[in-house]
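Q: Quick note, this note's numbering runs 51 ahead of the 1-based positions in the sequence shown.
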Amino acid sequence: MTSSTTPGLTRFNALEEAAATAALHEACASTAWGSKLLAQRPYATAEDLFAASDAAMAELTADDLAEAMAGHPPIGRPKPGDPTSSREQRGMAGASEELKTEMLELNLAYQEKFGHVFLICATGRTGEQMRDAVKERIGNSPEQEREIVRAELGKINRIRLTRLLEEQTA
């Protein structure tokens, strides 16, 4: 993105509040995150929107993070009919049945330990890379994992906000 205002950003800034709220909820299921971004409109540049997203993510409480994570399906099991999670999890699409089974078992073990889905910015990652990440992260403390999840959500939000601004131009 350039530092100038893009047509997509101009359209996002001009959306009615309900439409902007819905668009932000598609990017991140956290109500607090969406409210903070909505309150700061209009944005002069895409970078300003990304900076606001990062700042809002840094302020999310544990409950806010849980709400954000609830909007993400487990790795290897994108929501049926959800093109966003299918696109983001493309690295698992061609995975072997053995790898898919292993990811299911690892997802369940992770969820048992931490009480939420394993969350990773899956865009551009292979199934093997995601499997290795869950194997590595399952040994973390809940506090360590919460901050990793916060960082991963921040990456996902930037990708989704970029897509939102690109879609707005269509």
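Even for Gly, the Cβ is constructed at its ideal location relative to N, Cα and C.
Do Leu100 and Leu212 count as a contact pair if the criterion is CB distance below 8 Å?
A: yes
Q: According to DSSP, is Phe169 part of a helix, a strand, or is it coil?
A: Under the three-state reduction of DSSP output, Phe169 falls in the coil class, being neither helix nor strand.
Q: How far does the alpha helix (DSSP H) with Thr61 in it extend, from its first residue to its last?
A: Pro58 to Ala65
Q: Using DSSP with H/G/I as helix, E/B as strand and the rest coil, what is Arg176?
A: Arg176 falls in the coil class under three-state DSSP.
Q: With Leu226 as the anchor, note down where its alpha helix (DSSP H) starts and where it stops.
A: What the structure shows of the chain is the stretch from 52 to 221, and residue 226 is not part of that stretch, so it cannot be assessed.
Q: Hey, Met120 and Trp84: beta-carbon distance below 8 Å or not?
A: no
Q: Taking only the alpha-carbon atoms, compute the straight-line gap between Ser86 and Thr57 and give it to the nearest angstrom.
A: 22 Å
Q: Does the count of Cβ pairs from the region 184-198 and the region 133-143 closer than 8 Å reach three?
A: No: the two stretches stay apart, fewer than three of their Cβ pairs being nearer than 8 Å.
Q: Helix or strand or just coil, what does DSSP make of Arg128?
A: coil
Q: Grouping DSSP H, G and I as helix and E and B as strand, with all else coil, what is Thr53?
A: Confidence is the limiting factor: at Thr53 the pLDDT is only 42, short of 50, which leaves the residue's position unreliable, though a coordinate-based value still follows. Thr53 falls in the coil class under three-state DSSP.
Q: Distance cutoff 8 Å, beta carbons only. Does Asp115 sit that close to anything in chain B?
A: Here there is only one protein chain, and chain B is not present.
Q: For the region 183-219, which segments carrying the alpha helix (DSSP H) assignment without a break, of at least 4 residues, lie completely within its bounds, in sequence order?
A: 193-218
Q: Note down, in chain order, each residue of its chain lying with its Cβ closer than 8 Å to the Cβ of Leu88, except the 5 sequence neighbours on either side.
A: Once the five neighbours on either side are set aside, the close Cβ partners of Leu88 are Leu75, Leu100, Ala103, Ser104 and Ala107.
Q: How about Leu157 and Gly178: do their beta carbons lie closer than 8 Å?
A: no
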